[in-house]
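Chemist:
There are 2 protein chains.
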Amino acid sequence: MLELAILGLLKEQELHGYELKKRLTDALGAFSSVSFGSLYPALGRLEAAGAVRAVVQPAEGGPAGPAGPVVPMTGSIAGEAAAFRARRSTTRPSRTRKVYAITPRGEALFEELLEADSASADDDRAFNLKLAFCRHLPPERRLGLFERRRALLVERLAKARTNVRSRRERMDLYTRSLADHGAETTEADISWLDRLIAIERERGEAS
Amino acid sequence: MLELAILGLLKEQELHGYELKKRLTDALGAFSSVSFGSLYPALGRLEAAGAVRAVVQPAEGGPAGPAGPVVPMTGSIAGEAAAFRARRSTTRPSRTRKVYAITPRGEALFEELLEADSASADDDRAFNLKLAFCRHLPPERRLGLFERRRALLVERLAKARTNVRSRRERMDLYTRSLADHGAETTEADISWLDRLIAIERERGEAS
DNA sequence: CGTCGATATATCGGCTCGATATGTCGGCAA
DNA sequence: TTGCCGACATATCGAGCCGATATATCGACG
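Just so you know, the sequences run in chain order R and V.
Residue numbers for the first sequence follow this note's numbering, beginning at 1 and rising by one.
Residue numbers for the second sequence follow this note's numbering, beginning at 1001 and rising by one.
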């Protein structure tokens, strides 16, 4: 689930772990913080699976050349130092950084994860994530994703409603309020999805 | 976090694991399923901490007496069997069941967990849970709980808004829609909390 | 009479989180 | 200049939770 997010970001540009975390945390809004304790293991898994590979230095202004793992210092020491200082003034590439790039295998995995219908409880987060990257999906798949989500929400709402109806008197004020608010939120989610679906259909006709 | 839910339910009546799970899953609405893989370890932890204790058979119609750990069968065997059969016809107590009861230590732990302000990411679930049991809190503490929650949501909303404002053009249609919908949902949550707070204040005046 | 679904308890592997350790770098103040 | 603070950056650890799975009993239905 985190893999999807990482691959989606790396699809657009090469990034190192720290930057990846920053983009993840504000890409998904204030909720779901994404800690280093998940991020680095996830990057490790992806690297082991051949979905991403670590390149040494950021491409910044050019391809950066082959550049063996460590030990640069091939040219004049003064020149290297000057270049270093110059680079430091704009951004700060603080020596030890592992920049990751997506591989063809990673692209394939990305597509796969984006389509997988995870009908579980963490579905809410997963769907938000997928939505953030669904522009990479062909239109009809995108529509399918939205409609599967809608069906799931409708089912959830129905279940909640029958549940509440059968226990309403036995609930205290707070539980009842919680249940009602939950139902309202789900309704809002459904009509939001309806708007998204409508937009998607318009686009399909327009093309 | 699960401990709170377990203790809250056991506060009202003794229950065994399976029943506990059923009540948890529909008490919290369709979301957050609560699996056995969390429930049984949690019960184990609580038992080890002395917050709950396992009793052999459900009390059903009476205090069930002292009853040493296992080996009931003190009265007539036929009588026991008849009682067993009769009980089976109404509900089904399928032999191997461990019924749990809350202890004074557990009551104390419950209060503690209900007050603890967990300002983390899983706060959403935690707050819903607390709300479901906040009737056990004295009114002013309840109000405090609501207001802390409200402050957190307001802060979250503000952060999301500034974030969106600074990146709106760089977002695609779907990300933008997601961000907007998230903001709307948070607004709805805040005004829901405002209603709860208003009710709480009315009650405070009325008493 | 066998098998299916509900009841019931329990464990396993895997993922995520929060806390923590380690180290570099720039800035700022004593 | 020295020394400390905060941002940058990578990494690991323990603990909790989840989904899947194993096991077993029981009533119901064909």
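Don't be surprised by glycine CBs; every beta carbon is placed ideally from N, CA and C.
Because the structure is a prediction, the values reported are computed rather than measured.
For R:Thr162, which of V:Thr1162, V:Asp1026, V:Arg1203 has the nearest alpha-carbon?
Modeler: Per the Cα distances, V:Asp1026.
Chemist: Relative to the C-alpha of V:Met1001, which residue among V:His1136, V:Gly1029, V:Arg1045 is closest?
Modeler: Per the Cα distances, V:Arg1045.
Chemist: Is V:Ala1132 helix, strand or coil by DSSP?
Modeler: Helix, per DSSP.
Chemist: Would R:Ala132 and V:Glu1184 qualify as a contact pair, given that the criterion is a beta-carbon distance under 9 Å?
Modeler: No.
Chemist: I'd like the span of the alpha helix (DSSP H) that includes V:Val991, first residue to last.
Modeler: A question about residue 991 of chain V goes unanswered here, because the residues of chain V that appear run from 1001 up to 1207.
Chemist: Please report how far the alpha carbon of R:Leu173 lies from the alpha carbon of R:Glu14, in whole angstroms.
Modeler: Approximately 52 Å, taken between the alpha carbons.
Chemist: Let me see if you follow: with CB-CB separation under 9 Å, is V:Ala1198 close to chain R or not?
Modeler: Chain R, which has no Cβ nearer than 9 Å to the Cβ of V:Ala1198, makes this no.
Chemist: Over the uninterrupted alpha helix (DSSP H) stretch that includes R:Val154, give me the two end residues.
Modeler: Note, R:Val154: alpha helix (DSSP H), 139–167.
Chemist: If you reduce the DSSP assignment to three classes, tell me which class R:Leu196 lands in.
Modeler: Helix, per DSSP.
Chemist: If we define contact as Cβ-Cβ less than 9 Å, is V:His1181 a contact residue for chain R?
Modeler: Answer yes: the Cβ-Cβ gap between V:His1181 and chain R drops below 9 Å somewhere.
Chemist: So, for V:Leu1153: in the same chain, excluding its five sequence neighbours on each side, which residues have a beta-carbon less than 8 Å away from its beta-carbon?
Modeler: Counting only Cβ-Cβ distances below 8 Å, and skipping sequence neighbours, we find Thr1186, Asp1189, Ile1190, Leu1193.
Chemist: Note down, in chain order, each residue of its chain lying with its Cβ closer than 6 Å to the Cβ of R:Ala206, except the 5 sequence neighbours on either side.
Modeler: Cβ neighbours of R:Ala206 beyond the five flanking positions: none.
Chemist: For V:Ala1198, count neighbouring Cβ atoms within 10 angstroms of its own Cβ and tell me buried if that reaches 16, exposed if not.
Modeler: Exposed is the call here.
Chemist: Does R:Arg195 come within less than 9 Å of chain V when only Cβ atoms are used?
Modeler: Yes, R:Arg195 counts as interfacial toward chain V.
Chemist: Are the C-beta atoms of R:Arg168 and some chain V residue less than 9 Å apart?
Modeler: By this cut-off, R:Arg168 is not an interface position.
Chemist: Where does R:Glu60 sit, in a helix, a strand or coil, going by DSSP?
Modeler: Since pLDDT at R:Glu60 reaches only 43, below the 50 mark, its modelled position is unreliable, and no value is offered.
Chemist: Listing by chain order, which chain R residues have their CB less than 7 Å from the CB of V:Leu1178?
Modeler: Correct list: Asn128, Leu131, Ala132.
Chemist: Taking only three categories from DSSP, how would you classify V:Ala1116?
Modeler: Three-state DSSP puts V:Ala1116 in coil, outside helix and strand.
Chemist: Could you tell me the boundaries of the beta strand (DSSP E) in which R:Ala101 lies?
Modeler: Per DSSP, R:Ala101 belongs to the beta strand (DSSP E) from 99–102.
Chemist: Taking only beta-carbon positions, decide if R:Arg135 is within less than 9 Å of chain V.
Modeler: It does: the Cβ of R:Arg135 has a partner Cβ on chain V nearer than 9 Å.
Chemist: Using the Cβ count rule (16 or more neighbours within 10 Å means buried), how would you classify R:Ala158?
Modeler: By the 10 Å Cβ count, R:Ala158 comes out exposed.
Chemist: Against R:Asp117, what residues of chain V qualify as contacts under a CB-to-CB distance less than 8 Å, listed in chain order?
Modeler: What R:Asp117 touches in chain V: nothing, since even the nearest Cβ is about 17 Å away.
Chemist: Going along the chain, which residues of its own chain have a beta-carbon closer than 8 Å to the beta-carbon of V:Ala1042, five neighbours each way excluded?
Modeler: If we look at V:Ala1042 and ignore the five residues flanking it on each side, its Cβ neighbours are Leu1002, Glu1003, Ile1006.
Chemist: Comparing the C-beta of R:Leu10 with each C-beta of chain V, is any distance below 9 Å?
Modeler: So no, R:Leu10 is outside the interface.
Chemist: Which residues in chain R sit within 9 Å of V:Tyr1174, going by Cβ to Cβ distance?
Modeler: Chain R residues near V:Tyr1174: Leu131, Ala132, Phe133, Cys134, Arg135, Arg142, Leu196.
Chemist: Short of 8 Å in beta carbon distance, which residues of its chain neighbour R:His16, apart from the five on each side in sequence? Order them along the chain.
Modeler: So the list reads Pro58, Arg97, Lys98, Val99, Tyr100, once near-sequence residues are dropped.
Chemist: Please name the residue or residues paired with R:Thr15 in a DSSP beta bridge.
Modeler: Here residue 15 of chain R turns out to be Leu, not Thr, going by the sequence shown. According to DSSP, which records beta bridges pairwise, R:Leu15 is partnered with R:Tyr100.
Chemist: Does DSSP put V:Asp1172 in a helix, a strand or coil?
Modeler: Coil at V:Asp1172, not helix or strand.
Chemist: Between the Cα of V:Gly1029 and the Cα atoms of R:Glu202, R:Gly204, R:Leu196, R:Glu155, which residue gives the shortest distance?
Modeler: Closest by alpha carbon: R:Glu155.
Chemist: By a C-beta neighbour count over all protein chains shown, 10 Å radius and 16 as the cutoff for buried, is R:Ser94 buried or exposed?
Modeler: No answer about R:Ser94 holds up, because its pLDDT of 49 lies below 50 and its placement is not dependable.
Chemist: Output, in chain order, the set of chain V residues within a Cβ distance shorter than 7 Å of R:Gly29.
Modeler: Ordered by position in chain V, the residues that pass the 7 Å Cβ test against R:Gly29 are Ala1160, Ala1179, Gly1182.
Chemist: Going by C-alpha to C-alpha distance, which of R:Glu202, R:Glu111, R:Cys134, R:Arg125 sits closest to R:Ser33?
Modeler: If we check each option's Cα against that of R:Ser33, R:Arg125 comes out closest.
Chemist: Out of R:Cys134, R:Arg165, R:Asp123, state which residue places its alpha-carbon closest to the alpha-carbon of R:Ala151.
Modeler: When each option's Cα is compared against that of R:Ala151, the closest is R:Asp123.
Chemist: Report the neighbours of R:Ala188 on chain V: residues whose CB is nearer than 9 Å to its CB, in chain order.
Modeler: Under the 9 Å cutoff, chain V gives His1181, Glu1184, Thr1185, Ala1188.
Chemist: Given 8 Å as the limit, tell me if V:Pro1041 has its C-beta closer than that to any heavy atom belonging to the ligand COA.
Modeler: Inclusion of the ligand COA in the displayed structure is not the case, the ligand content being empty and no account of it being possible.
Chemist: From the DSSP output, in three-state form, read off V:Leu1010 for me.
Modeler: Looking at V:Leu1010 - three-state DSSP - the assignment turns out to be helix.
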